[in-house]
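Top line first, the protein sequences correspond to chains A and B. Residues 1 to 329, numbered by my numbering, are exactly what the first sequence covers, in order. Residues 1001 to 1107, numbered by my numbering, are exactly what the second sequence covers, in order. We put the CB at the ideal spot given by N, CA and C, even for glycine. Heads up, the thing below is written out as structure tokens.
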Amino acid sequence: MAQINSSPPFSIDEAQQRGNDVFELFYGNWGFETLGVGKPSRWPSFLDPGVSTSLAAVAIGPRSLVDRCWLTYNLYKAGVIPSTSLDSKPAIPTERVRGVSLDAPLILSVPSNPNVKSTLVNPTYAMFQMNPLYFWSSDIQNGDAGFPVQNPVADGLVNSTTYPATYTDALGNAQTLGLINGFNDFVEPFLHLYLYLKAPVIPPPTKRLPLMCGNDIVGLWPMGTNQLVAQIATFGRKTMHILVNCSSTTYSVRIGALRVPPSPIGITRAAVLNVLEEPVDASDAAVPGNTPVVLSFCNEGGVYADYINIYITTSDNNTNVSYRFSAYD
Amino acid sequence: MQPSKVETIAVPQIGSKNPARLFQAAKIPMRVLIRNTGGVLIFIAHDVGDVGNINSIGATYALPGGASDVFVLAPGQSIFAAANGGNGQAAIAASEAVPVDKHWMES
Chain A
1 MAQINSSPPF SIDEAQQRGN DVFELFYGNW GFETLGVGKP SRWPSFLDPG VSTSLAAVAI
61 GPRSLVDRCW LTYNLYKAGV IPSTSLDSKP AIPTERVRGV SLDAPLILSV PSNPNVKSTL
121 VNPTYAMFQM NPLYFWSSDI QNGDAGFPVQ NPVADGLVNS TTYPATYTDA LGNAQTLGLI
181 NGFNDFVEPF LHLYLYLKAP VIPPPTKRLP LMCGNDIVGL WPMGTNQLVA QIATFGRKTM
241 HILVNCSSTT YSVRIGALRV PPSPIGITRA AVLNVLEEPV DASDAAVPGN TPVVLSFCNE
301 GGVYADYINI YITTSDNNTN VSYRFSAYD
Chain B
1001 MQPSKVETIA VPQIGSKNPA RLFQAAKIPM RVLIRNTGGV LIFIAHDVGD VGNINSIGAT
1061 YALPGGASDV FVLAPGQSIF AAANGGNGQA AIAASEAVPV DKHWMES
């Protein structure tokens, strides 16, 4: 997946050489599994060594649509490769992978270990063995074959924004996350990080920019039940507002929410648990055409979902559909 | 008279084979202001062997990120630095410690 600020190339080392205070990391589709079930996104990629430059602090940036991530760093203490026996649980005495969230920037120095590469997809092991500085979309034991170690802290917690490729919607149908079918929008999980190259003189942001999106599909909307209009990454948004309108004789609107599922721990769980869509809100069954429907469900409901899905059901074919979405921290 | 000097220097992580030699005085005492312009703590020592091991930092001076301090070097003495993590960075400003010109001292 794309590290968006790689074109034109501008590396963190260049930023440091030029005396910049902060290196900004932009990363698209952060947290989509790319290397197999339950495997997290990582920066730098699985092909590259960890970040070479040590950091004074890390914070979620104002353009980020994802509100949390995790990092491994240089502890100056490498462990031994754990046994491959299912029965043995080699000691990893504490969980040292650090988390960063919008409300909890990491104001601690983060030492790097230059030129050290880990091909492991498990942050705990990558740090335990190699000490490289990597950023991850998960702090969950992701089932690296041969490393059946229980994580004493993360066991049962959901420290992840790594999503599987599919989810089950509120009607029981299997759906593909991020599917673009020509009619719907997908606002991808976009990661923006402030990586502080010096002691912070810029206060870490605690709120992000508002998220606004919308679309007008004119004369093309197919008649059907629960057609997805938009799927929007809303990690941690506190206030959301939705407007939908349709030219069909009658139509209805349904809102669903997705939250990240627990990933497997060790290799004892066969697969990532299913993502189950929550029904959040819906319009009345039949709204007259060209009558706008406004939903502000999250003001009172405290949904805080990772993704919001907007569905529409129409009575006619080839109609006009419009939606507007706004969200604030 | 040894000329004044300013420089920004990459500081490798502690334990590397070649810690950064920030400055070396020639035949006269020199004053060196060191500013940690990197993200992590740097360890400073006059003996290169003192910044070679993260588990043995008793003979070093710790300078946090963003901080500055002044050191005075005896004639011929060096000052080294290693960082608590990869790619540390320091900026220095060195000049004569005190005017030692004979005529000035007597005036």
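For B:G1088, the secondary structure class from DSSP, reduced to helix, strand or coil, is strand. Selection A:L177, A:P114 and A:H192 evaluated against A:D169 yields A:L177 as nearest (Cα-Cα). Within the segment 1014-1065 of chain B, the complete beta strand (DSSP E) segments of 3 residues or longer fall at 1020-1024, 1030-1036, 1042-1045 and 1061-1063, listed in chain order.
Under the DSSP assignment, A:E14 falls outside any beta strand (DSSP E), being part of the alpha helix (DSSP H) whose first and last residues are I12 to Q17. Those residues of the segment 44-55 of chain A placed with their C-beta closer than 7 Å to a C-beta in chain B are S52, T53, S54 and L55, ordered along the chain. Between B:Q1089 and B:T1037, the C-beta gap is smaller than 7 Å, which places the two residues in contact.
By the neighbour-count criterion, in which a residue is buried when 16 or more other Cβ atoms sit within 10 angstroms of its Cβ, A:D67 is buried.
In the structure shown, the three-state DSSP call for B:A1081 is strand. By the CB criterion at 7 Å, A:C246 and A:T319 fall inside the cutoff. Close to A:Y194, with beta-carbon spacing below 7 Å, lies no residue of chain B; the smallest spacing is near 12 Å. Taking CB atoms only, A:Y76 has a neighbour in chain B less than 7 Å away. B:L1063 has its alpha-carbon roughly 52 Å from the corresponding atom of A:I242. Counting only Cβ-Cβ distances below 8 Å, B:V1040 has contacts in chain A at S54, L55, A56, S109, V110 and P111, in chain order.
With a cut-off of 8 Å on Cβ pairs, the segment 288-296 of chain A is not in contact with the segment 183-203 of chain A, counting fewer than three such pairs.
Within chain B, the residues whose beta carbon sits less than 9 Å from that of A:D13 are N1087, listed in sequence order. Listed by position along chain B, the residues whose Cβ is nearer than 9 Å to that of A:L106 form an empty set, because the closest Cβ is around 12 Å away. Every alpha helix (DSSP H) stretch that sits fully inside the segment 49-134 of chain A and reaches 4 residues is listed by chain position as 123-129. A:N290 sits exposed, since fewer than 16 C-beta atoms from the chains shown fall within 10 Å of its C-beta. For A:I202, the secondary structure class from DSSP, reduced to helix, strand or coil, is coil. Neighbours of B:A1083 in chain A, taken as residues at a C-beta separation under 9 Å, are given in chain order as S54 and P111. Residues of chain B whose Cβ lies closer than 9 Å to the Cβ of A:K198 are, in chain order, N1036, T1037, G1038, G1039, G1065, G1066 and Q1089.
Distance from the CA of A:P288 to the CA of A:P164, rounded to the nearest whole angstrom, comes to 37 Å.
Within chain B, the C-beta atoms nearer than 7 Å to that of A:Q16 come from N1087 and Q1089, in chain order.
Any Cβ of chain A closer than 7 Å to the Cβ of B:I1054 would place that residue at the interface, and such an atom is present. The beta carbon of A:P114 falls within 7 Å of a beta carbon belonging to chain B, placing the residue at that interface. Assigned with DSSP and collapsed to three states, B:M1001 falls in coil, not helix or strand.
Looking at the DSSP output, A:F46 bridges to nothing. In this structure, A:T249 sits near A:D316, with a CB-CB distance shorter than 7 Å. Its chain contains N1036 as the residues whose beta carbon lies nearer than 7 Å to that of B:A1067, once the 5 sequence neighbours on both sides are disregarded; these appear in chain order. Contact between the segment 45-63 of chain A and the segment 182-201 of chain A is established, with three or more Cβ pairs separated by less than 8 Å. Secondary structure note for A:Y328: its beta strand (DSSP E) is the uninterrupted segment T319 to Y328. Looking only at B:S1056, B:A1094, B:P1075 and B:S1078, the smallest Cα-Cα distance to A:Y76 is reached by B:S1056. When the Cα atoms are used, A:R324 and A:Q175 turn out to be separated by approximately 23 Å.
The beta carbon of A:N115 lies closer than 8 Å to those of P49 and S52 in the same chain, with the five residues before and after it left out.
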